[in-house]
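In what follows, a single structure is set out as structure tokens and then discussed.
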Amino acid sequence: FFLTDKSGKQISQNFTYLDDFDEAGLAVFSTGGNNSSGYGKIEGAKYGLIDKTGKIVLNAKYDYMYKFGYSDSLYAVQSGELLGIVTSEGKTVLPIIHNDLDYFYDLPGLIRVKTSDDYYQLYNYQGKSLTPVYQYIDDNDRGFVVQLGGYKGMIDKNYKTIIPIKYRELDDLNNGKFLVQDLFFKDSSTAAIDTNAQTVTIAGVVGVPAANGMYTVVVLNANEFGTLAAFTGLYVSGGTITTSYTLTTPY
Numbered sequence: 363f364f365l366t367d368k369s370g371k372q373i374s375q376n377f378t379y380l381d382d383f384d385e386a387g388l389a390v391f392s393t394g395g396n397n398s399s400g401y402g403k404i405e406g407a408k409y410g411l412i413d414k415t416g417k418i419v420l421n422a423k424y425d426y427m428y429k430f431g432y433s434d435s436l437y438a439v440q441s442g443e444l445l446g447i448v449t450s451e452g453k454t455v456l457p458i459i460h461n462d463l464d465y466f467y468d469l470p471g472l473i474r475v476k477t478s479d480d481y482y483q484l485y486n487y488q489g490k491s492l493t494p495v496y497q498y499i500d501d502n503d504r505g506f507v508v509q510l511g512g513y514k515g516m517i518d519k520n521y522k523t524i525i526p527i528k529y530r531e532l533d534d535l536n537n538g539k540f541l542v543q544d545l546f547f548k549d550s551s552t553a554a555i556d557t558n559a560q561t562v563t564i565a566g567v568v569g570v571p572a573a574n575g576m577y578t579v580v581v582l583n584a585n586e587f588g589t590l591a592a593f594t595g596l597y598v599s600g601g602t603i604t605t606s607y608t609l610t611t612p613y
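Position 140 (the sequence shown) corresponds to 502 in the numbering used here; numbering is contiguous.
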């Protein structure tokens, strides 16, 4: 690969890879390495940035490099097995110390990193940390489900805790409520809570099966949550079945 002017004269050095130019007029290139596969990361190559005039904007010093997310000026860079993020000017946004980098399609300006010890953390595009480290972070409509110490909870989009991190399971029912299994629930029972995270107390398994043949779990503040069948998931309020859920795995 190389660049030419309108007359066909070569105006750049030869490259083993040259990406498309972005809206800022920059493209990732590589030199050296073995490009026998014809795609993906070129082993042994070094990556940098070039502009449309053939000027090297960032010297080829990274083991891999690619445009990051929806940013106009951020690039993920790799050295060895570790990743970081730099700007098109070469300024470090996140140092090259991470096992993985990811972004959210519907949350621009947000970076999810996987640390060198396999924990997760959220950063903004300026490199500011927004959360502590967690064992797991996943987004949904109301914020992020997080896990720490083997237990799950939820933080909102302002990164404030809205469901305490104390549940063995936390499954989104997609109606503003979550199905949870609490560490302290008798008989490992389940309950439904909403994102207000009001306290839910379980009385245990009722001795008589419900109408569907499944035992039910009584939630003491029944005016808010009613009862929930332990396995097949009939959600009951005041003795009346209001909504039905199917749980693929018994709790």
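Here a beta-carbon is modelled for each residue, glycine too, at the ideal position from N, C-alpha and C.
Nothing here was measured: the structure is a model prediction, and the numbers come from that model.
Inside the stretch 373-416 only - beta strand (DSSP E) runs reaching at least 3 residues
388-393, 408-413
Check each candidate in Ala422, Gln440, Ser491 and name the one with the smallest Cα separation from Asn461.
For the purposes of this step, residue 461 is taken as the residue at position 99 of the sequence shown. When only C-alpha atoms are compared, the closest one is Gln440.
Using three-state DSSP, classify Thr366 as helix, strand or coil.
By 1-based counting over the sequence shown, the position of residue 366 is 4. Note: Thr366 maps to strand in three-state DSSP.
So what does DSSP say about Pro470, is it helix, strand or coil?
Counted from its first residue, the sequence shown places residue 470 at position 108. Three-state DSSP puts Pro470 in a strand.
Among Gly446, Phe363, Asp367, which one has its Cα closest to the Cα of Gly394?
Looking up residue 394 in the sequence shown gives position 32. For Gly394, the nearest C-alpha among the options comes from Phe363.
Whether or not the stretch 418-437 and the stretch 457-477 are in contact is what I'm after, with contact meaning three or more pairs of Cβ atoms, one per stretch, closer than 8 Å; do they touch?
yes
Taking the CB atoms as reference points, tell me whether Asp425 and Val419 lie closer together than 7 Å.
Within the sequence shown, numbered from 1, the residue matching residue 425 stands at position 63. Within the sequence shown, numbered from 1, the residue matching residue 419 stands at position 57. Cβ distance not < 7 Å, so Asp425 and Val419 don't count as in contact.
Suppose the cutoff is 6 Å on Cβ atoms and the five residues either side in sequence are ignored; what does the same chain contact list for Asp381 look like?
As a working mapping, residue 381 is identified with position 19 in the sequence shown. Excluding positions up to five away in sequence, the list reads Ala389, Val390.
Using CA coordinates, which residue listed in Phe383, Val448, Ile524, Val455 is at the minimum distance from Arg504?
For this step, residue 504 is matched to residue 142 along the sequence shown. When each option's Cα is compared against that of Arg504, the closest is Ile524.
With a Cβ-Cβ cutoff of 7 Å, do Leu510 and Tyr529 count as a contact?
Taking the first residue of the sequence shown as 1, we reach residue 510 at position 148. Taking the first residue of the sequence shown as 1, we reach residue 529 at position 167. Their beta carbons are not under 7 Å apart, which means Leu510 does not touch Tyr529 by this criterion.
Let's see if you can read the secondary structure: which residues bound the beta strand (DSSP E) around Asn502?
In the sequence shown, residue 502 corresponds to position 140, counting from 1. Its beta strand (DSSP E) spans residues 498-502.
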